[in-house]
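**Student:** Structure below; questions to follow.
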Amino acid sequence: MLEVFEVNNNSILNWIQFGNTSIPNILLSHYSSLSINEEELVMILQLYSFQQQGHTFPTPTQLAKIMSINEQKCMEVIRELLKKGLLEITEEIDHQNLRCEAYSLSPLWLKLVDLTQNGQQSNEKHTIPSIIEQEEESIYLVFEKEFGRLLSPFEIETLTMWMDQDDHNEKLIKTALKEAVISGKLNFRYIDRILFEWKKNGIKQVDQAMNYSKHFRKKETREPQNETKYTGSIPFYNWLEK
Numbered sequence: 001m002l003e004v005f006e007v008n009n010n011s012i013l014n015w016i017q018f019g020n021t022s023i024p025n026i027l028l029s030h031y032s033s034l035s036i037n038e039e040e041l042v043m044i045l046q047l048y049s050f051q052q053q054g055h056t057f058p059t060p061t062q063l064a065k066i067m068s069i070n071e072q073k074c075m076e077v078i079r080e081l082l083k084k085g086l087l088e089i090t091e092e093i094d095h096q097n098l099r100c101e102a103y104s105l106s107p108l109w110l111k112l113v114d115l116t117q118n119g120q121q122s123n124e125k126h127t128i129p130s131i132i133e134q135e136e137e138s139i140y141l142v143f144e145k146e147f148g149r150l151l152s153p154f155e156i157e158t159l160t161m162w163m164d165q166d167d168h169n170e171k172l173i174k175t176a177l178k179e180a181v182i183s184g185k186l187n188f189r190y191i192d193r194i195l196f197e198w199k200k201n202g203i204k205q206v207d208q209a210m211n212y213s214k215h216f217r218k219k220e221t222r223e224p225q226n227e228t229k230y231t232g233s234i235p236f237y238n239w240l241e242k
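Here is the structure:
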């Protein structure tokens, strides 16, 4: 005999108002071809769900509340998605006409479209990382080692923009990082300024950058010093004051 359960009308209404998230089957069928693990897949689905509800930049705290991982782990998963080129941070205008950051899954959707158009050839392309992709990943580890911490999503996006939009090669970016370390100004704003100055002066190679920096250091050493005691410090060019 079938049991009949009474359902409260308010419960049904709440369930309907909570909404639904339509998941593309192609994502469920091909996520492993894009080297996405199950933890990253759930994060993608959560970000997608937030987007459909009008929340385009959920915080790690908000994500951790609805997932089985903590805030730190949420940051790490997002960081990996950014590094894999499956997620990006963009700018948009909110309902108050203010600029705000937003997570975009467009890179993921484009890769999935590419899979359907190119078939097995595309699968091999995304499954086996190229030498270039491996080199791009290594720069994140170099920065994290120098900063002594994990990079934030915004910092990862900045690194990606330096390579993709500003067309700086990885070796040049690492050289700018070393310059910031020598100058005692280890922050992304300072490194960005260094790269800006180099690009403005047509510098694209490491040896050009090093010669450019040496020029200003020599200029510093030629200036009269008020102190007679040698401190052993290395003179540096303050890129932010140029």
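Letter by letter, the sequence shown follows residues 1 to 242 of full-length UniProt numbering.
Cβ atoms here follow ideal geometry from the backbone N, Cα and C, with glycine treated the same way.
Among Leu81, Gly19, Leu159, Lys174, which residue has its Cα nearest to the Cα of Leu41?
**Tutor:** Counting from one through the sequence shown, the residue named residue 41 turns up at place 41. Of the candidates Leu81, Gly19, Leu159, Lys174, the one whose C-alpha sits nearest the C-alpha of Leu41 is Leu81.
**Student:** Return the chain-ordered list of same chain residues with a C-beta closer than 8 Å to the C-beta of Glu144, the five sequence neighbours on each side being excluded.
**Tutor:** Along the sequence shown, read from residue 1 onward, the residue named residue 144 stands at position 144. Excluding positions up to five away in sequence, the list reads Leu150, Leu151.
**Student:** Using only the alpha-carbon positions, how far apart do Ile191 and Ala180 sit?
**Tutor:** Sequence index remark: in the sequence shown, residue 191 carries index 191 (1-based). Sequence index remark: in the sequence shown, residue 180 carries index 180 (1-based). For Ile191 and Ala180, the distance between alpha carbons rounds to 6 Å.
**Student:** What is the residue span of the beta strand (DSSP E) that Ile89 lies within?
**Tutor:** As a first step, residue 89 must be located in the sequence shown, where it is residue number 89. It spans 88 to 93 - the beta strand (DSSP E) in which Ile89 sits, taken as one unbroken run.
**Student:** State the beta-bridge partners of Cys74 as determined by DSSP.
**Tutor:** Position 74 of the sequence shown, counting from 1, holds the residue named residue 74. Paired residues: none, contrary to the question.
**Student:** Residue range of the alpha helix (DSSP H) that Tyr48 falls in?
**Tutor:** Looking up residue 48 in the sequence shown gives position 48. Unbroken alpha helix (DSSP H) run through Tyr48: 38 to 52.
**Student:** Per DSSP, which one or two residues make a beta bridge with Tyr103?
**Tutor:** Here residue 103 is taken as the residue at index 103 of the sequence shown, counted from 1. Looking at the DSSP assignment, Tyr103 forms a beta bridge with Ile89.
**Student:** Please classify Ile26 as buried or exposed, where buried requires at least 16 neighbouring CB atoms within 10 angstroms.
**Tutor:** The residue labelled residue 26 in the question sits at position 26 within the sequence shown. Burial call: exposed.
**Student:** Run through the segment 169 to 224 for me and flag every whole beta strand (DSSP E) of 3 or more residues, listed as ranges in chain order.
**Tutor:** none
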